[in-house]
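Trainee: Add 19 to a position in the sequence shown, counting from 1, and you land on the number used in this note's numbering. By construction, the Cβ of each residue, glycine as well, lies at the ideal position given by its N, Cα and C atoms. Below: one structure in structure tokens.
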Amino acid sequence: MKQPIIIDTDPGIDDAAAISIALNHPAFDLRMITTVNGNVGIEKTTANALKLKQFFSSNVPIHRGASQPLLSNIVDASTVHGESGMNGYDFPEPNYNDLTSVHAVEAMYKELKTNEKPVTLIPIGPLTNIALLLSTYPKAKDYIKEIVFMGGSAGRGNITPSAEFNIYCDPEAAQIVFNSGLPLTMVGLDVARSSTLSHSTVNELQALNQTGYMLHHLFKHYKG
Ligand SMILES: [Ca+2]
Numbered sequence: 020m021k022q023p024i025i026i027d028t029d030p031g032i033d034d035a036a037a038i039s040i041a042l043n044h045p046a047f048d049l050r051m052i053t054t055v056n057g058n059v060g061i062e063k064t065t066a067n068a069l070k071l072k073q074f075f076s077s078n079v080p081i082h083r084g085a086s087q088p089l090l091s092n093i094v095d096a097s098t099v100h101g102e103s104g105m106n107g108y109d110f111p112e113p114n115y116n117d118l119t120s121v122h123a124v125e126a127m128y129k130e131l132k133t134n135e136k137p138v139t140l141i142p143i144g145p146l147t148n149i150a151l152l153l154s155t156y157p158k159a160k161d162y163i164k165e166i167v168f169m170g171g172s173a174g175r176g177n178i179t180p181s182a183e184f185n186i187y188c189d190p191e192a193a194q195i196v197f198n199s200g201l202p203l204t205m206v207g208l209d210v211a212r213s214s215t216l217s218h219s220t221v222n223e224l225q226a227l228n229q230t231g232y233m234l235h236h237l238f239k240h241y242k243g
């Protein structure tokens with residue numbers, strides 16, 4: 020039986036790769052993609068999620084979420100991911116008819132309540148939407164199997180010597196999630212840094228299929 024998951028994301032080149040896998044992996048039932056301010060602003064992360072949905076001709080709903088951190092000022096990473104947040108591949112313009120009008124927090128809670136199985140949340144951007152979900156709907160915890168998140172670091176950081184970007188962007192949201200009492204699996208920067216792609220792998224991707232071609236160009240933009 021497939022595990023229902025929700026990806027909360029700020030695509031983002033690495034997030035584009037994660038979404039590509041989540042949409043196609045036989046172990047997962049991706050129920051929705053929720054967007055958050057992070058690598059770039061909410062308008063761009065939402066546009067990028069729509070572009071990926073269209074690229075894969077997917078029916079997965081996209082819900083726009085928080086446009087800023089709970090308390091901190093917005094931090095921008097467009098120097099890393101490009102102006103659009105997903106530079107390197109020429110996606111067609113997003114179709115906004117594909118964007119649902121329900122806010123990410125509302126949509127997540129409804130999905131959690133109605134899914135017959137506990138859902139795994141996979142936040143791979145700042146934790147703002149998840150914190151808002153847990154504080155707006157405390158009962159949401161009853162329906163969450165676990166939270167597997169990319170963020171933090173058990174080693175050094177990438178935005179300051181010790182802070183990782185996702186947590187640094189919204190530390191108060193992270194605190195709410197860490198204190199939630201839910202089962203958490205932290206995939207920190209130290210773990211992410213150990214899963215590398217070699218130049219030869221990135222080059223092989225190009226000829227694999229259309230998805231490989233797209234990812235190849237995003238990765239090339241990221242680290243030429
Ligand atoms: Ca991300």
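Please state if the CB of residue 154 and the CB of residue 186 are separated by a distance shorter than 8 Å.
Mentor: Position 167 of the sequence shown, counted from the first residue, corresponds to residue 186. Position 135 of the sequence shown, counted from the first residue, corresponds to residue 154. No; because the gap between Cβ atoms is not below 8 Å, this pair is not in contact.
Trainee: On the three-pair Cβ rule with 8 Å, is the region 195-208 touching the region 139-154?
Mentor: yes
Trainee: With distances taken from CA atoms, which of 36, 39, 49 and 225 is nearest residue 131?
Mentor: The residue you call residue 131 lines up with position 112 of the sequence shown. Ranking the options by Cα distance to residue 131, first place goes to 49.
Trainee: Considering only heavy atoms of ligand 1, does any lie closer than 7 Å to the CB of residue 33?
Mentor: As a working mapping, residue 33 is identified with position 14 in the sequence shown. Correct: residue 33 has its Cβ closer than 7 Å to ligand 1.
Trainee: So, using beta-carbon positions, are residue 31 and residue 60 closer together than 8 Å?
Mentor: Along the sequence shown, read from residue 1 onward, the residue named residue 31 stands at position 12. Along the sequence shown, read from residue 1 onward, the residue named residue 60 stands at position 41. Going by C-beta atoms, residue 31 is not nearer than 8 Å to residue 60.
Trainee: Just how far apart, CA to CA, sit residue 213 and residue 26?
Mentor: Mapped onto the sequence shown, residue 213 falls at position 194. Mapped onto the sequence shown, residue 26 falls at position 7. In a straight line, the C-alpha of residue 213 is about 22 Å away from that of residue 26.
Trainee: So is residue 135 buried or exposed if we call it buried at 16+ other beta carbons inside 10 Å?
Mentor: Counted from its first residue, the sequence shown places residue 135 at position 116. By the neighbour-count rule (16 or more Cβ atoms within 10 Å), residue 135 is not buried but exposed.
Trainee: On the CB-based measure, 16 or more other CB atoms within 10 Å of its CB, does residue 232 come out buried or exposed?
Mentor: Within the sequence shown, numbered from 1, the residue matching residue 232 stands at position 213. Result: exposed.
Trainee: Is the distance from the Cβ of residue 244 to the Cβ of residue 123 below 8 Å?
Mentor: As displayed, the chain neither begins before 20 nor continues past 243, which places residue 244 out of reach and without an answer.
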